[in-house]
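Quick notes on the structure that follows.
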Amino acid sequence: MAAPLSADRLLQALRAEGVHVVEVGNWRAHNRNSKGPWGPVNGSIVHHTVTKGTASTVAMVRDGYTALPGPLCHGMIAKDGRVHMVGWGRTNHAGGGDPRVLEQVIAESYGTRPTPPTKGNANGTDGNARFYGWECENLGDGKDPWPRAQYQAIVRVQAALCRAHGWSAKSVIGHREWSADKVDPRGIDMPELRADVAERLKHPASWNPNEEDPMAGITKKDIFDAVWKTDAIGGPADAADHKTNPTWQAQSILKDVQARIRNMDRRMAAQTAAITALAGQVGTGADTQTVVTAVETAIKRAVIDDNTVES
Ligand SMILES: [Zn+2]
Numbered sequence: 001m002a003a004p005l006s007a008d009r010l011l012q013a014l015r016a017e018g019v020h021v022v023e024v025g026n027w028r029a030h031n032r033n034s035k036g037p038w039g040p041v042n043g044s045i046v047h048h049t050v051t052k053g054t055a056s057t058v059a060m061v062r063d064g065y066t067a068l069p070g071p072l073c074h075g076m077i078a079k080d081g082r083v084h085m086v087g088w089g090r091t092n093h094a095g096g097g098d099p100r101v102l103e104q105v106i107a108e109s110y111g112t113r114p115t116p117p118t119k120g121n122a123n124g125t126d127g128n129a130r131f132y133g134w135e136c137e138n139l140g141d142g143k144d145p146w147p148r149a150q151y152q153a154i155v156r157v158q159a160a161l162c163r164a165h166g167w168s169a170k171s172v173i174g175h176r177e178w179s180a181d182k183v184d185p186r187g188i189d190m191p192e193l194r195a196d197v198a199e200r201l202k203h204p205a206s207w208n209p210n211e212e213d214p215m216a217g218i219t220k221k222d223i224f225d226a227v228w229k230t231d232a233i234g235g236p237a238d239a240a241d242h243k244t245n246p247t248w249q250a251q252s253i254l255k256d257v258q259a260r261i262r263n264m265d266r267r268m269a270a271q272t273a274a275i276t277a278l279a280g281q282v283g284t285g286a287d288t289q290t291v292v293t294a295v296e297t298a299i300k301r302a303v304i305d306d307n308t309v310e311s
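Its first residue numbered 1, the sequence shown is counted upward by one per residue in our numbering.
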C-alpha cells in the first residue's frame, strides 16, 4: 500500500531511469478523480492500444472516446520508446479485475504468474484506484512487432515505479492478468518482462546494459570516406588504392603522410645547406647567419603548418 507518487516525483524517477518523457498538455491535472478514488496504489498495469500512429494514439488515450472518457492511462509508451504523459490521478485503464490477483500483487506472493483472473469489468474490483496504467502503441494483432526501444522503455518505466515504491517486479502485471475480459498486452511475455524489470532493479537507475557500440558496423571504407572525401585539399595520391588493393589499410594513409614529411625534412635540410654555402660566398660573413636564421624559421613554420593540416 502506498500513496501515489506526485507528478514531480514520477518525472524524477522516470528520468533517473533513462526514460524519454514527453509531457502532453495539462497531464498533471488531467484525471478522473471526480468519479472515484485514486490510491492507495499497489502496482502497475501494462496495456496495448490496438492503434497505429503515435500522434493519434496519444490523442486517443488522452481524450478517450464516447463510451470511455479519457485519460485512458497515465503514460503512453510509443514505438520509438518515448513516454507521453497524458494524465495523473485516477484514469480509465484497468477497469474491474480479480480481487485474488490484487491480493497476490500486494503480497508479491505469486510464482511466475498470478492466478488467472475469473472476474472482469462487470463484477471485478476497481483497478483504476489501485494501479498505475501504461498504454503501449501496438495493434494487438499478435503480428505487430514490439521494437526494442519500446520494450526497453516499458521495462524502464516499470522499474522506475518499483524502485520509487520499493516494490519488486511482481507489482507489474499485464491487463490480461488482471481482467478475464482482456488479452493485452498481446505479444509481451509478462514473466519475461518481470524478469527484465527485476534485473534492472539489481542495478542503479542509471544502468545502461544495452548501450550500443558507436563504432559497430563502421568499416575501413566508411572511415576512408569520412576522413578523405570531405578533405578540401584532397587525400594522398595513392589513397584510392583501397578499392583495388586487397592489402590496403586505413593506416596506409598515415604512413604515406609520415613518409612525405620525412622527405620534406630532407629536402629542406638540403636547401638550407645550399643557401648557407651560397651566402658564404656573398659579401661579408655577417650576412650568412641572417640568411640561415631566416631560412630555418621559414622551414619550421612550413613543417608546423604541414602537421596542422593533418591533425
Ligand atoms: Zn488494457
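Every residue gets a Cβ at the ideal spot worked out from N, C-alpha and C, and that includes glycine.
All values reported here derive from a predicted model rather than from experimental measurement.
Residue i: first and last residue of the uninterrupted beta strand (DSSP E) it sits in
i           : result
residue 173 : 172-174
residue 45  : 43-48
residue 218 : No beta strand (DSSP E) holds residue 218; DSSP gives it neither H nor E.
residue 22  : 21-23
residue 86  : Taken as a continuous stretch (DSSP letters only), residue 86 belongs to no beta strand (DSSP E), as it is neither H nor E.
residue 75  : 75-77
Cβ distance (whole Å) where residue i is taken to contact residue j below 8 Å
i           : j           : result
residue 135 : residue 20  : So it is not a contact: roughly 16 Å between Cβ atoms.
residue 14  : residue 157 : 6 Å
residue 85  : residue 61  : With a Cβ gap of about 10 Å, residue 85 and residue 61 do not count as contacting.
residue 129 : residue 37  : 4 Å
residue 32  : residue 91  : 6 Å
residue 78  : residue 150 : 7 Å
Run of the alpha helix (DSSP H) containing residue i, from where it starts to where it stops
i           : result
residue 56  : 54-63
residue 165 : 148-165
residue 190 : 190-201
residue 103 : 99-107
residue 186 : First-last for residue 186: undefined, no H or E at that position.
residue 8   : 7-16
Residue burial classification, residue i (beta-carbon count within 10 angstroms, cutoff 16)
i           : result
residue 133 : buried
residue 4   : buried
residue 116 : exposed
residue 183 : exposed
residue 98  : buried
residue 191 : exposed
residue 44  : buried
residue 280 : exposed
residue 318 : Residue 318 lies beyond the range of the chain shown here (1 to 311); nothing can be said about it.
residue 196 : buried
residue 68  : exposed
residue 294 : exposed
residue 233 : Unreliable positioning characterises residue 233 in this predicted model, as indicated by a pLDDT of 44, which lies under 50. A coordinate reading is not provided.
residue 175 : buried
residue 83  : buried
residue 51  : buried
Within-9 Å CB hit, residue i to chain C
i           : result
residue 158 : Absent from the structure is chain C; it holds one protein chain and no more.
Exercise. Mind listing which residues have their beta carbon within less than 6 Å of any non-hydrogen atom of ligand 1? Chain order is fine.
Key: 47, 175, 182, 184
Quiz prompt | Within the region 104-137, ranges of the beta strand (DSSP E) (whole runs, at least 3 residues) | solution = 131-136
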